[in-house]
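A short worksheet on the structure shown next.
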Amino acid sequence: MHPTPPPGLADSPEPPPPFGSWPRTYAASIALAIVVIALLWLLTTYGNVPLGSVR
Amino acid sequence: MTWVAWAVFLLVTAYTIWDGVRRTLGARTMEGFFAAGRSIPWWAAGLSVMATQLSAITLIGGVGMGYQGGLEWVQFYFALPFAMVILCVWFVPMYRQHPILTAYELLERRFGPATRTLTSVAFLVSRCLAFAVVLYAPAVVFSAMTGIPITPMVFVVGTVTTAYTVLGGVGGVVWTDVKQMGIIVVGIAACFGFLLWDTVGELGFGGVFAALGAAGKLNAVEVTNPQWSMAPAVDAAAKAGSFWSDEYNLWTGLFGTLFLFLSYFGCDQVQVQSLLSSRSADASRRALLMSAFTKIPLQLLVLLLGGLLYVHHALAAEPLLFHPADPAKAEALAPEPRARFDTAAQAHAAATAQRALAMRQIAAGNDDPATLATYQQAVVGAQRAQNDARAALGSKKDVNYVFPDYLFREVPKPLLGLMIAAIFAAAVSSAAGALSSLTSATMVDVWRRWLQPRLDEARALRTSRAVMAFWGLAATSVASFLGDRPLLEQVNQFGSLFYGSILGVFLLALFAPRAGGAAATTGLLAGLGVTFAVDATMHVAFLWYNLIGAVACVGVGLLVAMVAPRGQTPQR
């Protein structure tokens with residue numbers, strides 16, 4: 015016979031949130047988004063030559 | 015298309031739809047039909063959110079935009095992760111507290127029936143035309159490429175979509191979306207690999223990177239532009255220099271699209287239905303975050319695919335024009351425009367020869383300013399010659415034909431069949447999402463609320479299927495009669511006229527406890543009025559409409575709430 019699951023878990027078939035809790039997941043998501051935008055900014059700054067900027 | 019391409023396309027498409035529908039046949043209740051019995055796992059809901067948003071024209075046009083404009087379009091998605099976190103924190107709990115089937119049902123609990131009905135009708139108005147165009151837009155492109163007339167093309171997409179959505183309901187749509195998203199990713203990755211192999215083999219990885227950068231196509235973030243003025247443009251002449259008219263930069267990407275995504279993913283029944291169908295609030299949160307963090311890489315891949323195609327054409331022979339009907343139109347030109355067309359063709363040939371030479375030098379590591387300047391002049395010259403040739407023909411922009419032209423002329427036939435299946439999947443998944451959401455809003459917010467409140471489940475389900483078939487056939491008929499009209503861009507912008515104001519109503523529901531039905535309804539009408547007035551009098555990039563509508567709606571709603579605070583309103 016299986017033990018009764020603690021309240022709140024029986025009706026939640028999903029695994030726990032990534033990174034342990036939702037606030038930490040949100041913080042990680044925002045940090046990751048900022049890092050991605052920063053990397054794309056670096057790509058633009060150092061890899062792109064705007065048209066008309068070279069004469 | 016050869017029989018091999020047709021066979022791959024038909025097999026892949028038939029399998030995805032059959033497998034999606036077989037999982038969900040036999041819904042017995044409205045909740046089973048419109049929310050899949052709240053049984054969808056988070057990853058399937060997340061893939062469905064992505065598939066619904068990725069329409070065929072986004073896929074085809076995205077490659078064309080990467081080809082012509084570089085990476086700038088990726089900025090459109092910068093706000094997506096931030097919007098998804100906001101939705102996870104405030105919107106998901108709001109929806110999952112109640113056993114609702116549409117987003118607008120919630121508004122009746124908070125503001126009363128008038129606000130619910132008005133918001134739902136605003137959704138139906140903004141969506142019904144967009145649904146027809148979702149069917150029509152890819153049909154126009156494929157009709158041009160295959161020679162099959164538009165009407166049968168629209169009929170096939172519309173009938174297939176309607177049939178499997180009526181059979182499977184939202185559950186069928188979600189499970190078909192999962193397979194379709196897989197095909198889209200495999201198709202894009204295969205094409206990307208094919209072009210990467212081709213271009214890197216000739217220039218090396220660093221060479222391709224240098225060639226794209228020197229052509230100004232690695233422009234993923236635009237923070238400032240010396241040409242910008244902060245005054246809104248009231249006439250077309252001032253549009254080019256106005257910050258508010260510029261569509262793709264860091265600021266529209268962070269602030270304009272933040273409001274667009276909050277509204278689209280948080281208040282638009284097309285997307286909310288996926289969140290309502292998932293197993294739990296946590297599953298809905300996971301689905302939203304998953305789609306946020308897979309969308310940006312996928313969009314980058316699509317735009318880089320366009321960039322690689324640019325390098326491929328620059329090294330070989332770039333077509334002067336991409337629309338397959340244009341050569342015949344050129345043959346039939348009168349002498350004067352024909353002379354202008356020939357001049358443009360000669361200029362294009364000279365510029366592309368110069369561009370290929372300079373591109374190879376830059377890829378080989380020659381970065382002296384003279385070579386760079388020669389290359390950029392050739393890049394601009396080739397593009398100007400293409401514009402001149404189109405002007406001589408009287409043709410519209412052909413950005414949506416860049417990718418199909420390549421697929422039909424150059425890729426191996428099995429890959430062509432797979433890509434056609436991917437583009438068809440993108441069209442059908444967006445159309446199915448629109449169809450099921452139009453039906454749920456019609457049935458839950460209008461029919462069952464006002465016309466037949468005591469309809470039992472079995473009859474409600476039969477009526478829902480009939481309403482769905484009606485919407486599907488109506489949109490297919492409208493799309494069949496649209497002809498080759500310049501509607502595509504306008505329809506995306508048409509949605510933005512409504513999104514901000516609808517979001518404003520939900521923001522009032524969440525954050526303004528004093529606001530009642532009068533405040534929400536007045537705010538919604540004020541938001542719509544201000545947005546339509548801005549659209550009629552100024553040249554503002556449509557992404558800002560979302561912010562303008564939301565701010566106007568919330569501002570007026572708060573003012574009304576101060577004068578006439580919430581009284582005996584329905585339960586929250």
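Chains as they are written, first to last, in the working numbering: chain A, 15 to 69; chain B, 15 to 586.
Even glycine gets a Cβ: it sits at the ideal position worked out from N, Cα and C.
### Query
Does any CB atom of chain A fall closer than 8 angstroms to the CB of P240(B)?
no
### Message
What does the alpha-carbon distance come out to for the pair G60(B) and F307(B)?
### Response
10 angstroms
### Task
Please state if the CB of A405(B) and the CB of V192(B) are separated by a distance shorter than 8 angstroms.
no
#### Entry: Meets three-Cβ-pair contact criterion under 8 angstroms: the stretch 238-249 of chain B and the stretch 336-352 of chain B
no
### alpha helix (DSSP H) segments (min. 4 residues) lying fully within the stretch 278-314 of chain B
283-291
### Where the alpha helix (DSSP H) containing Y559(B) begins and where it ends
L557 to V577
### Query
Excluding the five sequence neighbours on either side, which residues of its own chain have a C-beta within less than 7 angstroms of the C-beta of V519(B), listed in chain order?
L121, T129, T133, A534, G537, L538 and C567
### Query
Which residues in the same chain as A436(B) place their Cβ atom closer than 6 angstroms to its Cβ, once the five residues preceding and following it in sequence are excluded?
I197, I198 and G201
### Task
Compare the C-alpha of F169(B) against each of G80(B), S491(B) and L511(B) and name the closest.
S491(B)
### Query
Counting contacts by CB-CB distance shorter than 8 angstroms, is D260(B) in contact with chain A?
no
### Task
Can you say whether K410(B) is buried or exposed, counting buried as having 16 or more other CB atoms within 10 angstroms of its CB?
exposed
### Query
How many Å lie between A403(B) and P351(B) at the Cα?
9 angstroms
### Query
By Cβ distance, which residues of its chain are closer than 8 angstroms to E45(B), with the 5 residues on each side in sequence left out?
G51, R52, P113 and L115
### Where V50(A) meets chain B, residues with beta-carbon distance less than 7 angstroms
I310
### Query
Do the CB positions of S444(B) and S69(B) come within less than 8 angstroms of each other?
yes
### Task
Assuming G530(B) contacts A575(B) (C-beta within less than 8 angstroms), just tell me the rounded distance between them.
7 angstroms
### Query
So, is T58(A) buried or exposed, given that buried needs 16 or more other C-beta atoms within 10 angstroms?
buried
### Task
Put S256(B) into one of helix, strand or coil per three-state DSSP.
strand
### Query
So what does DSSP say about I54(B), is it helix, strand or coil?
strand
### chain A within 8 angstroms of A5(B), Cβ atoms only
Nothing about residue 5(B) can be reported from this structure: the residues present for chain B run from 15 to 586 only.
### Query
Looking only at C-alpha atoms, which of L430(B), A364(B), M433(B) and M373(B) sits nearest to A399(B)?
A364(B)
### Task
Compute the distance between the beta-carbons of S243(B) and F257(B), then report whether it is under 8 angstroms.
yes
### Burial state of A251(B) (16 or more Cβ within 10 Å)
exposed
### Query
Are any of the Cβ atoms in chain A nearer than 8 angstroms to that of V192(B)?
no
### Message
Once DSSP output is grouped into helix, strand and coil, what is the label at H112(B)?
### Response
coil
### Message
For a quick check, are the C-beta atoms of A448(B) and V284(B) less than 8 angstroms apart?
### Response
yes
### Query
What number of angstroms, rounded off, separates the C-alpha of Q360(B) from the C-alpha of L335(B)?
13 angstroms
### Query
Residues bridged to A247(B) by DSSP?
H553(B)
### Message
So with CB distances below 9 angstroms, who are the chain A contacts of L303(B)?
### Response
P32, T39, Y40 and S43
### Query
Leaving out the 5 sequence neighbours to the left and right, which residues in its chain are closer than 7 angstroms to V554(B) when beta-carbon positions are compared?
P246, W258, S259 and V548
### Query
Would the beta-carbon of T271(B) fall within 8 angstroms of that of A93(B)?
yes
### Query
Taking DSSP as the reference, what is the three-state secondary structure of H337(B)?
coil
### Query
Is there contact here, the stretch 367-383 of chain B with the stretch 409-428 of chain B, by at least three beta-carbon pairs under 8 angstroms?
no
### Query
Contact between the stretch 272-291 of chain B and the stretch 95-105 of chain B: three or more CB pairs below 8 angstroms?
yes
### Task
Check Y118(B) in the structure and name its three-state DSSP category.
coil
### Query
Should A14(A) go down as buried or exposed, given a rule of 16 or more other Cβ atoms within 10 Å for buried?
Only positions 15 to 69 of chain A appear in this structure, which leaves residue 14(A) out of reach.
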